[in-house]
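For the sequence shown, counting from 1, position 19 maps to 19 in our numbering; every step adds exactly one. Written below as structure tokens is the structure these notes are about.
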Amino acid sequence: MSILDVKFVQGFIRLCNDGWLQGWHERNGGNLSYRIKPEEVEEVRQYFHEPGEWKEIGTSVPDLAGEYFMVTGSGKYFRNVILDPEDTSCIIELDDKGENYRILWGLCNGGRPTSELPSHLMNHEVKKKASGGSHRVIYHAHTTNVIALTFVLPLRDEVFTRELWEMATECPVVFPDGIGVVGWMVPGGRDIAVATSELMKKYDAAIWAHHGMFASGPDFDTTFGLMHTIEKSAEILVKTLSMSPTKLQTITPQNFRDLAKDFKVTLPEEFLYEKEGQ
Ligand code: 2HA
Ligand code: ZN
Numbered sequence: 001m002s003i004l005d006v007k008f009v010q011g012f013i014r015l016c017n018d019g020w021l022q023g024w025h026e027r028n029g030g031n032l033s034y035r036i037k038p039e040e041v042e043e044v045r046q047y048f049h050e051p052g053e054w055k056e057i058g059t060s061v062p063d064l065a066g067e068y069f070m071v072t073g074s075g076k077y078f079r080n081v082i083l084d085p086e087d088t089s090c091i092i093e094l095d096d097k098g099e100n101y102r103i104l105w106g107l108c109n110g111g112r113p114t115s116e117l118p119s120h121l122m123n124h125e126v127k128k129k130a131s132g133g134s135h136r137v138i139y140h141a142h143t144t145n146v147i148a149l150t151f152v153l154p155l156r157d158e159v160f161t162r163e164l165w166e167m168a169t170e171c172p173v174v175f176p177d178g179i180g181v182v183g184w185m186v187p188g189g190r191d192i193a194v195a196t197s198e199l200m201k202k203y204d205a206a207i208w209a210h211h212g213m214f215a216s217g218p219d220f221d222t223t224f225g226l227m228h229t230i231e232k233s234a235e236i237l238v239k240t241l242s243m244s245p246t247k248l249q250t251i252t253p254q255n256f257r258d259l260a261k262d263f264k265v266t267l268p269e270e271f272l273y274e275k276e277g278q
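Next comes the structure, spelled out in structure tokens:
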């Protein structure tokens, strides 16, 4: 038995490798975190070393005080996670105020948790509350086609949501709440973390203009599936726009309302606006 036999550890590693195979993680791009369940902490506790020193998170997440997370390491490459999880990822514990963390396992050759730790933890705090505790995964990827679209579409939630919904019938069923957009900001700090977590109160996915995407979900499959669905939809939109600046036909607002009824999802009317020439 080793920590690598534990199910959530395997799920974490598999997501990293799947993201790498998709081409979303050039060099050290992207990061992943998982909020570990109390019973899972007990499964891995035997592998913890003497706790490292408490270090500042860079923001405050009081509603996550005392929780444990598995996170990728700053400067580590997703393509290496499957080869050496103990070098490229770590398990951390937060203090009783949610202001400091310490490493309990991993990053065995030194290093720090992801540079986006403030964004990950603020998103976890918001999604834990919004989902009644069910959301546990926050995933950041450099999704090529979504990034490309942030150069040609207005950086507005309603534009990205509607355009991406139109590209594949399953999209409004997979992300019925829509998708948020953050204009370009310096990554890695508290400001972008605050802006992203504000959007995550409403959405399960947020786009960072000219950078990538954040997705949230209850488990690795759902979260990876959300990222994959949105990025595939963006790929179809990039192909469509490359063939023609206008569409000959598309899924209409009434089509979406009919779909919502049959699939029993609520699609906010703010995304079903009339467009000129449709
Ligand atoms: O880990 O993706 O946003 C590198 C990044 C920062
Ligand atoms: Zn990034």
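For each residue, glycine too, the CB sits at the ideal point set by N, CA and C. Computed from a predicted model, the values in this text were never measured in an experiment.
Host beta strand (DSSP E) of residue i (start-end)
i, result
"E166", "Taken as a continuous stretch (DSSP letters only), E166 belongs to no beta strand (DSSP E), being part of the alpha helix (DSSP H) at 157 to 166."
"N31", "31 to 35"
"A65", "That residue, A65, is in no beta strand (DSSP E); it is neither H nor E in DSSP."
"A209", "Segment: none, A209 is in no beta strand (DSSP E) and carries neither H nor E."
Distance between residue j and residue i (C-alpha atoms, nearest Å)
i, j, result
"V186", "H210", "11 Å"
"R257", "K202", "20 Å"
"G98", "I91", "15 Å"
"G183", "T161", "15 Å"
"D87", "A206", "29 Å"
"T229", "E170", "9 Å"
"P118", "A65", "14 Å"
"L241", "T252", "18 Å"
"D262", "M167", "19 Å"
"K7", "Y68", "16 Å"
"H124", "V61", "9 Å"
"Q249", "W165", "14 Å"
"M70", "T222", "17 Å"
Simplified DSSP assignment, three categories, for residue i
i, result
"G11", "helix"
"R102", "strand"
"E53", "coil"
"Y47", "helix"
"T72", "strand"
"M1", "coil"
"I192", "helix"
"S197", "helix"
"I251", "coil"
"A215", "strand"
"A260", "helix"
"G180", "strand"
"D18", "helix"
"P268", "coil"
"P154", "coil"
"V41", "helix"
Near ligand 2: residue i beta-carbon under 7 Å from a heavy atom
i, result
"H211", "yes"
"P187", "yes"
"H25", "no"
"G183", "no"
"H120", "no"
"G29", "yes"
"T142", "The sequence shown places His at residue 142, rather than the Thr named in the question. Answer for H142: yes, Cβ within range of ligand 2."
Residue span of the alpha helix (DSSP H) that contains residue i, given as start and end
i, result
"T222", "220 to 243"
"M185", "Unbroken run through M185: none, as it is neither H nor E."
"A148", "144 to 149"
"N80", "78 to 81"
"V174", "171 to 174"
Any non-hydrogen atom of ligand 1 closer than 7 Å to residue i Cβ
i, result
"N123", "no"
"S115", "yes"
C-beta neighbour in chain C for residue i, strict 8 Å
i, result
"L272", "Absent here is chain C; the protein component of the structure consists of one chain."
Ligand 3 heavy atom lying under 7 Å from the CB of residue i
i, result
"E231", "Absence of ligand 3 from the depicted structure is noted, with ligand 1 and ligand 2 being the only ligands included."
I'd like the ranges of any alpha helix (DSSP H) spanning at least 4 consecutive residues and lying wholly in the segment 86 to 142. 117 to 130
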